[in-house]
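Per my numbering, residue 120 is the first one in the sequence shown, and the count goes up by one each step. Just so it is clear, CB atoms sit at the ideal spot from N, CA and C, and this is done for glycine as well. No experiment lies behind these values; they were computed from the predicted model shown. Down below is the structure, laid out as structure tokens.
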Amino acid sequence: MIVISDILELKKQIGEWKREGLSIGFCPTMGSLHAGHMDLVETSKNETDKTIMSIFVNPTQFNDPKDFAQYPIKTDDDLRLCEEKGVDLVFLPEVKTMYPETKTPISLSIPELQKHLCGRTRPGHFEGVLQIVSKLFHLTEPNKTFFGLKDYQQYRVISAMVENLNFPLEVIGVPTRREKDGLAMSSRNVRLSEKDRETASLIPRMFALAKKTILGGEKDIRLWKEILRDFLLTGSSLRIDYLEVVDPIHLQPKERLEGEVLLAIAVFVGEVRLIDNQIITIPS
Ligand code: AMP
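Written out as structure tokens, the structure reads:
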């Protein structure tokens with residue numbers, strides 16, 4: 120496995136692969152890798168000749184400096200896992216490599232897709248994501264790139280940027296990998312105390328209840344949200360950042376329960392912010 124921190128070295132290696140006619144798959148991450156990240160790698164290995172992973176905790180996408188400071192870093196374990204899974208190249212840049220002080224910052228956004236969900240409650244987050252991901256796309260020149268559907272809004276925002284700016288690559292969404300109790304795997308889960316981890320299991324249970332009530336015939340979106348909020352909040356210490364029902368393409372709030380809806384939530388368990396979502400088909 121090749122590990123590179125330098126941009127010129129990276130471009131040299133990519134150039135060699137391109138000259139050999141090999142296709143490139145790219146999985147951007149912030150490290151502290153788990154089985155969900157490895158699903159991206161596996162999908163990439165099935166679909167392309169060479170798989171690149173970037174590991175970079177991107178400062179520009181954190182709107183909360185405390186969250187950035189506490190983001191877990193486990194580079195040695197990450198590299199071991201990547202090697203085991205057959206990643207071909209890990210790009211591990213330093214902050215000053217990605218953001219030289221001589222450069223004037225740029226801001227990219229897809230306003231319509233960022234109006235709700237994390238775009239509303241984490242101002243500046245997607246600007247930071249689009250900035251780093253577009254830089255990484257130019258540096259790694261992938262044919263295909265792989266993003267987890269756990270971060271569904273991120274997947275949509277990146278897909279829209281690729282379409283809008285004619286990046287010559289395909290964005291592929293990879294299903295969410297979950298723990299036994301259904302909690303979505305996340306690098307942030309290691310920050311949960313034992314008690315908070317128990318509280319976090321309310322999230323998958325809420326999604327189960329959401330589906331059950333829909334199958335039971337619930338048609339009133341306001342009532343549905345109230346039932347789900349009550350379930351999460353009654354007797355628990357969890358705080359809701361948002362609980363929204365939007366359409367899965369434009370991410371605008373749904374007025375009625377019909378067709379396919381995206382039920383998306385962000386909660387704070389202790390100090391840890393967790394997100395999850397599911398697309399639910401409403402029976403007609
Ligand atoms: P992160 O390191 O959290 O920025 O995530 C890097 C990539 O892995 C993103 O495309 C995430 O959506 C994806 N990812 C994170 N958690 C999961 C999961 N539980 N299942 C599938 N993909 C995930």
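| What's the C-alpha gap between residue 137 and residue 260? | 9 angstroms
| Is it right to say residue 270 is buried, meaning 16 or more other beta carbons lie within 10 angstroms of its own, or is it exposed? | Its Cβ being crowded by 16 or more others within 10 Å, residue 270 is buried.
| Within 8 angstroms (strictly less), CB to CB, does residue 200 reach chain C? | The structure shown contains no chain C; it is built from a single protein chain.
| Neighbourhood of residue 338 by C-beta distance below 6 angstroms, restricted to the same chain and skipping five residues each side | The residues are 376.
| message | Given the structure, does residue 149 come close to the ligand AMP, in the sense that its CB is under 7 angstroms from one of the ligand's heavy atoms? | response | yes
| field | Integer-rounded CB distance, given that residue 326 should sit under 8 angstroms from residue 397 | value | 5 angstroms
| Assigned exposure category for residue 183 - 16 Cβ within 10 Å defines buried | exposed
| said: Does residue 162 come out as helix, strand or coil in the three-state DSSP assignment? | reply: helix
| C-alpha distance - residue 163 paired with residue 185, whole-angstrom precision | 33 angstroms
| When burial is assigned at 16 or more other CB atoms within 10 Å of the CB, is residue 394 buried or exposed? | buried
| task | Grab me the residues of residue 320's own chain with a C-beta within less than 8 angstroms of its C-beta, minus the 5 sequence neighbours each way, in chain order. | result | 300, 301, 302
| message | Once the 5 residues before and after residue 267 are set aside, which same chain residues still bring their CB inside 7 angstroms of it? | response | Same-chain partners within the cutoff: 155, 159, 293, 295.
| said: At a cut-off of 7 angstroms, would you count residue 159 as near the ligand AMP, judging by its Cβ distance to the nearest heavy atom? | reply: yes
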